[in-house]
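Numbering (our numbering), first residue to last: 46 to 237.
Ideal placement from N, C-alpha and C gives every residue a C-beta, glycine not left out.
So this is what it looks like as structure tokens:
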């Protein structure tokens, strides 16, 4: 049974290790051996072996037959999209994004709040031969980025304040509320 630590928090070591593995592999597209994961996470091979094998059996990790290296499987992305409202949002946004990218000659993306940051959930490349685009899954500064400011401008006052407080806590910053209110007012007035 998990022991309570700080009030309202509980330990679940196996789950914590599983998420450590996912986060490690997210930054290693070439994958990693269990021994490499153990070294990078300062854990023993024994601590990770069963967790990695179970994650593979459940379809969250994939093991290369050629190298025994593990990578993240698409099941994780599938679950994330099914478990959040982003799939419906992306489905509704894509036709509009395609038109915008074509007319503007620029790539565009959709950002949703993710705690105190923004996260790109969809993008549309511009139709030309060169372009600049953010990757799906990229985190952005929700306070200073154009995408983040537009999101804040068209959110309710209460939601905007919750997002700003989360950004301050997560990033250890203090947001100039006057500056942000001026930016939001301009964006609301212009509509973009």
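Exercise for the section: Could you pull out every unbroken beta strand (DSSP E) segment of at least 3 residues lying fully inside the segment 105–154, listed in chain order? Expected result: 106–108, 115–117
Exercise for the section: Have a look at residue 205 and residue 141 and give me their C-alpha separation to the nearest angstrom. Expected result: Numbered from 1 along the chain shown, position 160 holds the residue referred to as residue 205. Numbered from 1 along the chain shown, position 96 holds the residue referred to as residue 141. So the two alpha carbons sit approximately 25 Å from each other.
Practice task
Kindly list the residues whose CB is nearer than 7 Å to the CB of residue 160, restricted to its own chain and excluding five residues on each side of it in sequence; keep chain order.
Solution key: Mapped onto the chain shown, residue 160 falls at position 115. Counting only Cβ-Cβ distances below 7 Å, and skipping sequence neighbours, we find 211, 215.
Problem - Inter-stretch contact (C-beta, 8 Å, three-pair minimum) for the segment 72–81 and the segment 104–119 - result: yes
Handout entry: Length of the line joining the Cα atoms of residue 68 and residue 94
Key = By 1-based counting over the chain shown, the position of residue 68 is 23. By 1-based counting over the chain shown, the position of residue 94 is 49. Taking the straight line joining both Cα atoms gives about 16 Å.
Practice task
Tell me whether the beta-carbon of residue 117 lies closer than 7 Å to the beta-carbon of residue 62.
Solution key: Along the chain shown, read from residue 1 onward, the residue named residue 117 stands at position 72. Along the chain shown, read from residue 1 onward, the residue named residue 62 stands at position 17. Not closer than 7 Å, so no.
Practice task
Measure the Cβ-Cβ separation of residue 197 and residue 156 and say whether it is below 7 Å.
Solution key: To locate residue 197, count along the chain shown from 1; it is residue 152. To locate residue 156, count along the chain shown from 1; it is residue 111. No. Outside cutoff.
Problem - Given residue 200 as reference, the closest of 233, 128, 124 once Cα atoms are compared - result: One-based indexing of the chain shown puts residue 200 at position 155. The candidate whose alpha carbon is nearest that of residue 200 is 233.
Problem - Cutoff 7 Å: residue 128 Cβ touching any chain B Cβ - result: Absent from the structure is chain B; it holds one protein chain and no more.
Handout entry: With 16 other Cβ atoms within 10 Å as the buried cut-off, status of residue 222
Key = Residue numbering aside, residue 222 sits at position 177 when the chain shown is read from its first letter. Residue 222 should be labelled exposed.
Exercise for the section: Grab the span of the beta strand (DSSP E) containing residue 169 for me, first residue to last. Expected result: Working through the chain shown from its first residue, we reach residue 169 at position 124. Here the beta strand (DSSP E) through residue 169 covers 162–169.
Handout entry: Distance CB(residue 193)-CB(residue 217) smaller than 7 Å
Key = Taking the first residue of the chain shown as position 1, residue 193 is located at position 148. Taking the first residue of the chain shown as position 1, residue 217 is located at position 172. Their beta carbons are not under 7 Å apart, which means residue 193 does not touch residue 217 by this criterion.
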